[in-house]
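What follows is a set of notes on a single structure, which appears directly below.
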Amino acid sequence: MNFSRIILEWYEQNKRLLPWRRTKEPYRIWLSEIMLQQTRVAQGIPYYMKFVEAFPKVQDLAAASEEQVLKLWQGLGYYSRARNLHATAKIITEKYNGKFPDTYKELLQLKGIGDYTASAIASICFGRPEAVVDGNVYRVLARYYGIDLPINSSEGVLYFKELAKDIMDAKNIRDYNQGIMEFGALQCAPKNPDCGSCPLQKSCVAFATNSIDNLPVKIKKNKVRNRYFNYLVLVDENKQTLLQQRKGSGIWQNLYEFPLLESEKYIDQGEVAGNLKELVSLQEPSEIYLYNESKIVHKLSHQHLHTRFWIITFESNLENGIQIAELHKYPVPVLIADFIKTFKI
DNA sequence: AATCCGGGGTC
DNA sequence: GACCCAGGATT
């Protein structure tokens with residue numbers, strides 16, 4: 119029995135009943151695929167449920183504000199996905215009359231849809247013979263065929279894509295594509311794969327050469343940048359504070375945060391006071407004190423954010439202030455959300 | 001071709 | 001602490 123046939127039979131026996139597996143509706147498949155980019159299925163499920171309920175149709179998503187979309191996306195990370203999701207919903211609604219295009223090529227033109235997602239939608243929704251290559255597929259193919267070409271080199275990307283096309287089952291592409299990914303997620307897992315019960319074991323090169331733990335090969339380049347964030351939590355006599363929206367490039371684009379004073383290292387109360395006027399032009403504060411007693415190091419893929427929250431009180435009224443009790447309504451990074459949860463003035 | 005972009009689970 | 005996750009966009 120060949121590779122694709124074994125995958126299909128394994129999938130029939132082992133597939134999970136995921137919320138988006140009961141439909142071929144492009145809107146829902148697209149939504150799930152965007153959410154699952156670099157994201158575990160278990161983490162994505164509750165977000166998928168929330169979005170489907172809040173926005174049953176692509177037109178509903180298009181009609182929402184970006185702030186609403188970001189708020190629902192809060193905590194899932196990679197927020198450009200949410201911004202692109204919203205932009206694409208508008209395009210589909212306005213220029214495609216609410217219907218997704220049904221070819222790889224057209225899908226690829228949409229914001230947030232790259233090679234993987236275009237292939238996934240084209241195959242799952244429309245039965246197009248397009249091979250998906252995600253992290254699971256890289257791992258399964260690298261092990262089964264014993265390929266040590268780095269999966270994140272440009273040569274590797276092309277090689278694995280061609281290989282995936284060569285061995286796919288074009289007639290059963292919908293189940294085959296989902297099957298090989300599911301197989302990678304459950305059977306051929308990154309750590310401790312279940313080779314003992316694997317239906318592909320007899321012909322797996324990595325198993326035969328005892329190189330399961332060495333494949334796939336990935337070039338690593340994880341240089342972490344250390345940054346020092348001082349958040350200025352202004353508080354006035356009316357229990358109001360100030361929030362700003364992050365603009366430009368960089369992390370957390372369009373999400374909200376407190377006025378930020380970034381420094382090269384940890385700074386003290388005196389330096390915070392000295393820099394206060396440049397960020398917010400207002401009267402003299404009555405007191406400034408550090409809120410978090412223990413260190414907060416918020417870790418992103420490429421950055422460690424050494425964070426201090428400074429409470430700065432005023433015996434007057436802040437202009438453009440918002441009620442502290444309303445903070446939870448704004449889309450914010452997890453770092454800020456965690457602070458808001460514990461913040462009691 | 002390299003780098004950036006989150007947050008959380010797992011070992 | 002290191003690795004990975006149903007990747008894509010930018011430089």
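Under the working numbering, the letters of the first sequence match residues 119 to 463, in that order. Note that CB positions come from ideal geometry on N, CA and C, so glycine has one too.
With fewer than 16 other beta carbons inside 10 angstroms of its own, asparagine 356 counts as exposed. Between the region 183–201 and the region 126–145, the count of Cβ pairs shorter than 8 angstroms is below three; the stretches do not touch. DSSP places tryptophan 370 in the coil class of the three-state scheme, outside both helix and strand. Annotation for histidine 204: the continuous alpha helix (DSSP H) segment containing it runs 198–213.
Straight through space, the alpha carbons of leucine 154 and proline 164 are spaced by roughly 12 angstroms.
In its chain, beyond the 5 residues on either side, Pro247 have a beta carbon closer than 7 angstroms to the beta carbon of alanine 288. Distances from the CA of arginine 140 to each of Cys243, Tyr234 and Ile124 were compared; the closest alpha carbon is that of Cys243. Under the three-state reduction of DSSP output, phenylalanine 244 falls in the helix class. One alpha carbon belongs to isoleucine 265, the other to isoleucine 429, and they sit about 55 angstroms apart. For lysine 417, the three-state secondary structure derived from DSSP is strand. Cβ contact annotation for asparagine 438 (same chain, cutoff 8 angstroms, sequence separation greater than five): Leu360, in chain order.
By the criterion of a C-beta distance shorter than 7 angstroms, serine 122 is surrounded in its chain by Ile285, Met286, Asp287 and Tyr294, once the five residues flanking it on both sides are discounted. One thing to note: cysteine 322 has its Cβ within 7 angstroms of the Cβ of tyrosine 262. About 10 angstroms separates the CB atoms of asparagine 348 and leucine 394; that is not less than 8 angstroms, and the two are not in contact. Collapsing the DSSP output to three states places leucine 259 in a helix. Check the Cα spacing between tyrosine 407 and each of Tyr222, His422 and Leu352: the tightest is with Leu352.
Shortest Cα-Cα distance from aspartate 312 to any of Gly297, Ile330, Asp233 and Gln296 involves Ile330.
Per DSSP, reduced to three states, the secondary structure at tyrosine 145 is helical.
Proximity to valine 255 across Tyr234, Ile239 and Ser272 peaks at Tyr234, based on C-alpha coordinates.
For phenylalanine 347, the enclosing beta strand (DSSP E) covers residues 343–353.
Under DSSP, arginine 426 takes part in a beta bridge, and its partners are Asn348.
Closest by C-alpha distance to arginine 426, out of Ser412, Pro317, Tyr374 and Leu418, is Ser412.
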